[in-house]
Amino acid sequence: MDTKEIIESGSLELYVMGALTPEEMKEIDGLRISHPELNAEIIRIEDAMIAYADSHAIKPKEELKEKIAEKLTFAVRLDMESEMVDSISIQMPGIYRYAAAAAIALIFVFGAGTFYYAHEYSQTNIQLSALQNEKMVLANQVKLLTGESNIIKGELAVAMKPENKKITLPGLAIHPDANAVIYWNTKTGSTYINSENLPVASSDKQYQLWAIVDGKPVDLGVISKDSTFSTMKHIENATAFAITLEPLGGKPSPTMEALYVMGGV
Amino acid sequence: MGALSKYLEQGKKYDEEQLFIELKARSRKAFEYLYDNYSPALYGVIFNVLRDEESSNDALQEIFVKIWNNFDSYDPVKSRLYTWMLNIARNHSIDRLRSRSTADRKDLKKDKDFVRQHGIQPEQFTDGIGLRKLIDHLEEEQKIVIDLLYFQGFTQVEAAEELNIPLGTVKSRVRIAIHKLRKYFV
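As they're listed, the protein sequences go chains W and Y.
The numbering used here puts the last residue of the first sequence at 265; the count rises by one with no breaks.
The numbering used here puts the last residue of the second sequence at 451; the count rises by one with no breaks.
Shown next, in the form of C-alpha cells:
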C-alpha cells in the first residue's frame with residue numbers, strides 16, 4: 001500500500017483513536033517514522049481529535065485540584081542527570097563505614113592481631129579507592145549515555161516535524177563516502193545537521209557549514225566536534241548547503257579545495 | 266473556552282516542549298499548568314464514559330496520579346502529550362466502568378451495552394464551551410461511530426457489529442467526520 005492509499009483508508013484516524021489491533025498500531029508506528037507525509041497527516045488528525053475532546057470539556061469542581069495536589073509528589077530538584085549519578089553514590093559511604101568499623105573493632109578485641117588487621121584495613125582502603133574509581137567511571141558512563149540519548153531524541157524530534165525539510169549532502173571527489181544530513185525549516189530558517197558520516201577531523205581542524213544564497217556562500221557556523229547532531233545558524237532562501245574542512249574556529253569564506261559534501265535544496 | 270483554544274491563545278509562551286521538561290522534573294508549576302489547562306478536557310472524557318459525578322471525581326484524581334507517576338513512559342515521538350493524556354483518561358475510565366458492573370465483568374459485550382444505555386448526550390454538559398458548535402457539523406451517524414471508538418473503547422470490528430454496518434463503512438464515516446473537524450484548524 002502506498003502512503004496515499006493508507007491516508008485514504010481511514011486507518012490513521014483509527015490509529016489516533018487507539019482503535020486498531022496492536023499489530024496494526026505497531027505497523028503505523030514504524031511507517032510514520034519513515035514517511036513524513038504520514039506523520040504530518042497523523043498530527044493533523046490528532047488536532048481534530050483534541051478539538052473533539054475539547055468540545056466535550058467539562059470543568060471539574062474547584063476543590064478537586066487541591067485534593068489531587070495532595071496525592072502527588074513534587075520534586076524540588078530540576079537536574080535529572082545529577083539525580084541518576086547520586087543514586088549510584090549513595091551506596092558508597094555504607095561500604096566504607098562497614099569496612100572501617102569492622103577493622104577497628106577487630107583491632108580492639110584481638111590486640112595480638114593488630115598488625116594483621118591494620119594490614120587488612122589498608123587493603124580495604126585500597127579496595128575502597130578502587131570502588132570509588134569504578135563509581136566515577138560508571139557515573140561518567142551514565143552521563144555519556146544520557147547525553148547520547150538526548151542527542152538522538154533531539155534529532156528524532158527535529159526529523160519528525162513535517163515543517164523541517166530533510167536534505168542529504170552527498171560526498172564529493174575528495175571523500176565520496178562522506179555524507180551529511182541537513183534539516184531545514186523553510187519558514188523559520190532553523191537549520192540542524194547530522195554530521196556522523198563525515199570523516200573524523202584532525203585535532204587542529206573543524207568542519208564548517210555553508211548555505212548558498214544567490215550563488216554566494218553564507219557562513220552557518222562551525223560544526224561541533226563533540227556531537228553528531230547540532231543546531232546551526234538560521235538561514236532563509238538557501239538554494240544549496242555545503243561543508244568544508246577548515247582550521248579550528250572556521251573561516252570567513254570557504255576553502256573550495258576542502259569541500260567535502262554539497263547538496264541542493 | 267476549551268483547553269486547546271486556550272493553548273493556542275497562549276501560543277508559544279508555554280508549549281508542549283517546555284511542559285515536557287517541567288513534567289520530567291515533576292515541578293509544582295507543571296502540575297498547576299497541567300491541571301488548569303487540561304483538566305476540563307480530561308474530565309469531559311471521563312464523564313462521557315462514566316456518566317456519574319462521584320465516580321468521575323474519583324477517576325480524575327486517579328488519572329492525574331497516573332499521568333504524574335507514569336510520565337517517564339510518555340514518548341514524545343509517538344504522540345502529542347495531549348493525546349497521551351486523553352488516552353490515559355479514556356482507558357482508565359473504561360476500566361473503571363467495567364469493574365463497576367461486576368455482574369457483567371466477563372461479558373464485554375454487556376459492559377458495552379451498559380455504556381450504550383447510558384448513552385452520550387454531550388449537549389447537556391458543554392454549555393458555554395466555544396467548540397460546542399463543532400460537533401453540530403457532524404451527522405448523527407458519524408458522531409455515534411466516533412463516540413463508540415473514542416469514548417467507549419470499541420475496536421473497529423466491535424463498532425461495525427454494534428451498528429450492523431460493514432467494516433469499510435466504519436472507516437469511511439470516521440474519516441469523513443474527522444475531515445469535517447479538521448476544517449477548523451486550517
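All C-beta atoms in this analysis are idealised placements derived from N, C-alpha and C, irrespective of residue type, glycine included.
Just so we're clear, the structure is a prediction, and the values are computed from it rather than from any experiment.
Using a Cβ cut-off of 7 Å, pull out every chain W residue sitting near residue i, in sequence order please.
i: residue 446 of chain Y; result: 48, 51 and 52
i: residue 363 of chain Y; result: Result: empty, since nearest Cβ-Cβ is about 16 Å, beyond 7 Å.
i: residue 341 of chain Y; result: 157
So which residues of chain Y does residue i contact, with C-beta pairs closer than 7 Å?
i: residue 9 of chain W; result: 436
i: residue 69 of chain W; result: 296
i: residue 180 of chain W; result: Chain Y residues near residue 180 of chain W: none, gap ~22 Å exceeds 7 Å.
Along chain Y, in chain order, which residues have C-beta atoms closer than 9 Å to that of residue i?
i: residue 73 of chain W; result: 291, 333 and 334
Starting from residue i, trace the alpha helix (DSSP H) in both directions and tell me its first and last residue.
i: residue 348 of chain Y; result: 346–365
i: residue 25 of chain W; result: 22–34
i: residue 313 of chain Y; result: 293–315
i: residue 422 of chain Y; result: 421–428
i: residue 219 of chain W; result: Taken as a continuous stretch (DSSP letters only), residue 219 of chain W belongs to no alpha helix (DSSP H), being part of the beta strand (DSSP E) at 216–222.
Distance check for residue j and residue i, CA to CA, integer angstroms please.
i: residue 61 of chain W; j: residue 293 of chain Y; result: 20 Å
i: residue 253 of chain W; j: residue 23 of chain W; result: 53 Å
i: residue 324 of chain Y; j: residue 3 of chain W; result: 39 Å
i: residue 343 of chain Y; j: residue 310 of chain Y; result: 21 Å
i: residue 64 of chain W; j: residue 32 of chain W; result: 38 Å
i: residue 83 of chain W; j: residue 147 of chain W; result: The predicted position of residue 83 of chain W is uncertain, since its pLDDT is 45 and thus under 50; no value can be drawn from it.
i: residue 29 of chain W; j: residue 12 of chain W; result: 10 Å
i: residue 145 of chain W; j: residue 227 of chain W; result: 13 Å
i: residue 202 of chain W; j: residue 441 of chain Y; result: 58 Å
i: residue 121 of chain W; j: residue 100 of chain W; result: 7 Å
Who are the Cβ neighbours of residue i in its own chain at under 6 Å, not counting the five residues just before and after it?
i: residue 392 of chain Y; result: Note that residue 392 of chain Y scores a pLDDT of 39, beneath 50, so its modelled location is shaky and nothing firm can be said.
i: residue 46 of chain W; result: 16
i: residue 389 of chain Y; result: Per-residue confidence for residue 389 of chain Y stands at a pLDDT of 40, beneath the threshold of 50, marking its modelled position as unreliable; no derived number is given.
i: residue 295 of chain Y; result: 287 and 288
i: residue 189 of chain W; result: 234, 235 and 236
What residues in its chain sit with their C-beta under 7 Å from that of residue i, if we drop five residues either side in the sequence?
i: residue 248 of chain W; result: 204, 205 and 206
i: residue 211 of chain W; result: 218, 220, 235, 238 and 241
i: residue 438 of chain Y; result: 406, 407 and 410
i: residue 185 of chain W; result: 163 and 164
Against residue i, what residues of chain W qualify as contacts under a CB-to-CB distance less than 9 Å, listed in chain order?
i: residue 326 of chain Y; result: 64, 67, 68 and 71
i: residue 344 of chain Y; result: 16, 42 and 46
What is the residue span of the beta strand (DSSP E) that residue i lies within?
i: residue 179 of chain W; result: 179–185
i: residue 241 of chain W; result: 240–247
i: residue 211 of chain W; result: 205–213
i: residue 409 of chain Y; result: Element bounds for residue 409 of chain Y: not the beta strand (DSSP E) but the alpha helix (DSSP H), 405–411.
i: residue 229 of chain W; result: 229–232
i: residue 266 of chain W; result: Any answer about residue 266 of chain W is impossible in this case: the structure gives chain W only from 1 up to 265.
Applying a beta-carbon distance threshold of less than 8 Å, which residues of chain W neighbour residue i?
i: residue 407 of chain Y; result: Result: empty, since nearest Cβ-Cβ is about 11 Å, beyond 8 Å.
i: residue 421 of chain Y; result: 14, 19 and 20
Listing by chain order, which chain Y residues have their CB less than 8 Å from the CB of residue i?
i: residue 61 of chain W; result: 322
i: residue 45 of chain W; result: 443 and 447
Fill in: Near-chain W residues of the segment 348–359 of chain Y - C-beta to any C-beta below 7 Å
So the list reads 348, 351 and 352, given in the order they occur along the chain.
Practice prompt. With 7 Å as the C-beta to C-beta threshold (strictly closer), list the residues of the segment 296–321 of chain Y near chain W in chain order.
Written response: Per Cβ criterion, the list reads 296, 300, 304, 305, 306, 308, 309, 310, 312 and 313.
Worksheet item: Taking a cut of 8 Å between CB atoms, which residues from the segment 13–31 of chain W lie near chain Y?
Response: From the segment 13–31 of chain W, only 13, 14, 16, 17, 18, 19, 20, 21 and 29 have a Cβ closer than 8 Å to chain Y.
Discussion item. Output needed in chain order: residues of the segment 152–164 of chain W with a Cβ under 9 Å from some Cβ in chain Y.
Written reply: Only 153, 156, 157 and 160 from the segment 152–164 of chain W bring a Cβ to less than 9 Å from some Cβ of chain Y.
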